[in-house]
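In what follows, a single structure is set out as structure tokens and then discussed.
Residue numbers (the numbering used here): 274 to 462.
See below:
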């Protein structure tokens, strides 16, 4: 099981430290609170991806906190719609804000990816985990598009790899993302 510790500094700001897990599908399917959402390592991964390639791919600019809010929202969120539509359009160019869910269903079925819309109404309310899984998988699939190599060549090599900021005596790695979160990874998991 994944553990989370909250450390409170003098400024009363909370730094979330995450113990990463290797099997992302073993996490809760439903987020019951923002704290659950903050445990998911895919969020900083998506944010790093979008900050690095967002301009080239036409993705909106956003923060980790804004993405967490979008995932936790029980209503359709414009940020998620824009991210999903933009990523889906690179794979299936005829995708629109109104059709991205149908296109994601097609793409996921074609790529043998777990499809949250399989045998479900296309307008079903998605859980936070399902939304995250969709965005994460679309980011992965976007990297397979033909135009991606040309866009990546414009980046410096140091930009393409994130390194941990440190490690401790218990063999834990620490990662820092977007100036807001420090994540702890157990190398033995």
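Glycine included, each C-beta is placed from N, C-alpha and C at the ideal position.
Residues near residue i in its chain [Cβ-Cβ closer than 6 Å; skip 5 each side]
i	result
residue 373	357, 358, 361
residue 297	Reliability of the predicted coordinates at residue 297 is poor, the pLDDT of 43 falling under 50, and the value obtained from them is presented with this limitation in mind. So no residue of the chain qualifies.
residue 444	460
Residue i in three-state terms, based on DSSP
i	result
residue 375	helix
residue 339	helix
residue 353	helix
residue 413	helix
residue 450	strand
residue 367	coil
residue 439	strand
residue 331	coil
residue 303	Residue placement at residue 303 cannot be trusted, given a pLDDT of 38 that sits under 50; what the coordinates show is reported in the next sentence. Of the three classes helix, strand and coil, the one that applies to residue 303 here is coil, per DSSP.
residue 531	Here the chain covers residues 274 to 462 and nothing more, so residue 531 does not appear.
residue 405	helix
residue 362	helix
residue 344	helix
residue 430	helix
residue 383	helix
residue 419	coil
residue 325	helix
Beta-carbon proximity list for residue i, same chain, < 8 Å, skipping 5 on both sides
i	result
residue 424	326, 329, 330
residue 295	With a pLDDT of only 38 at residue 295, under 50, the local geometry of the prediction cannot be trusted, and the value read off the model is given with reservation. Answer for residue 295: 462, listed in chain order.
residue 368	358, 361, 362, 376
For residue j and residue i, believed in contact at Cβ under 8 Å, the rounded distance
i	j	result
residue 397	residue 344	Not a contact, Cβ separation roughly 16 Å.
residue 418	residue 337	The Cβ separation is near 25 Å, so there is no contact.
residue 434	residue 447	That belief does not hold up - the Cβ atoms of residue 434 and residue 447 are roughly 16 Å apart, past 8 Å.
residue 388	residue 378	6 Å
residue 321	residue 412	With a Cβ gap of about 10 Å, residue 321 and residue 412 do not count as contacting.
residue 409	residue 319	6 Å
residue 351	residue 335	With a Cβ gap of about 11 Å, residue 351 and residue 335 do not count as contacting.
Beta-bridge partners of residue i, as assigned by DSSP
i	result
residue 311	Residue 311 is not bridged to any residue.
residue 459	445
Contacting residues, own chain, Cβ-Cβ under 7 Å from residue i (five flanking each side not counted)
i	result
residue 355	333
residue 307	341, 345
residue 414	364, 380, 384
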